[in-house]
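Some notes on the structure that comes next.
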Amino acid sequence: VIVVGPSLSLHRCGLPREIAIELFQTFVICGLIRQHLASNIGVAKSQIREKGPIVWEILQEVMQGHPVLLNRAPTLHRLGIQAFQPILVEGRAICLHPLVCKGFNADFDGDQMAVHVPLSLEAQAEARLL
Numbered sequence: 001v002i003v004v005g006p007s008l009s010l011h012r013c014g015l016p017r018e019i020a021i022e023l024f025q026t027f028v029i030c031g032l033i034r035q036h037l038a039s040n041i042g043v044a045k046s047q048i049r050e051k052g053p054i055v056w057e058i059l060q061e062v063m064q065g066h067p068v069l070l071n072r073a074p075t076l077h078r079l080g081i082q083a084f085q086p087i088l089v090e091g092r093a094i095c096l097h098p099l100v101c102k103g104f105n106a107d108f109d110g111d112q113m114a115v116h117v118p119l120s121l122e123a124q125a126e127a128r129l130l
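Just so it is clear: in the sequence shown, position 113 is 113 by full-length UniProt numbering, and no numbers are missing.
See below:
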């Protein structure tokens, strides 16, 4: 579900913590292991399940340089899928600036959107250019 976020910049979207940790889980696991905070994938996953403060810090770092794609079905034209820079928000709804909703043909009466994470560097670069 999307909700209005008038304080957001046009190129940003607010992702709920629950959605963000699920989407970026593999990146957070790599971050925990790289910083020697977890010895293996199993330990890293248990730390993510416990949702300690270090997990949110690593998630924040990962999200800073990683665009996400928002899509509202049906995608009938180019503006039906757009790239945004995500930020963590409280709650369970995706926050969007009201001026970007026209391209999605969306409003704030319960519309749902899909969030996609481009994985390859090429896909991330393309998303930044969109």
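Cβ atoms here follow ideal geometry from the backbone N, Cα and C, with glycine treated the same way.
(request) List the residues that DSSP assigns as beta-bridge partners of residue 157. (result) Limits of the chain in this structure are 1 at one end and 130 at the other, which puts residue 157 out of reach.
(message) What does the Cβ neighbour count give for Ile48, buried or exposed, with the cut at 16 atoms within 10 Å?
(response) Counted from its first residue, the sequence shown places residue 48 at position 48. By the 10 Å Cβ count, Ile48 comes out buried.
(request) Just list the alpha helix (DSSP H) runs in the UniProt domain "RNA polymerase N-terminal" (1-130), keeping only unbroken ones of 4 residues or longer that don't cross its boundaries, in chain order. (result) 17-23, 25-34, 41-50, 53-64, 101-104 and 121-129
(request) Leaving out five residues on either side along the sequence, give the residues of the same chain with a beta carbon under 6 Å from the beta carbon of His116. (result) For the purposes of this step, residue 116 is taken as residue 116 along the sequence shown, with counting starting at 1. The answer, listed in chain order, is Leu69.
(request) Would you check if the stretch 36-46 and the stretch 118-126 touch, i.e. whether three or more CB-CB distances between them fall below 8 Å? (result) no
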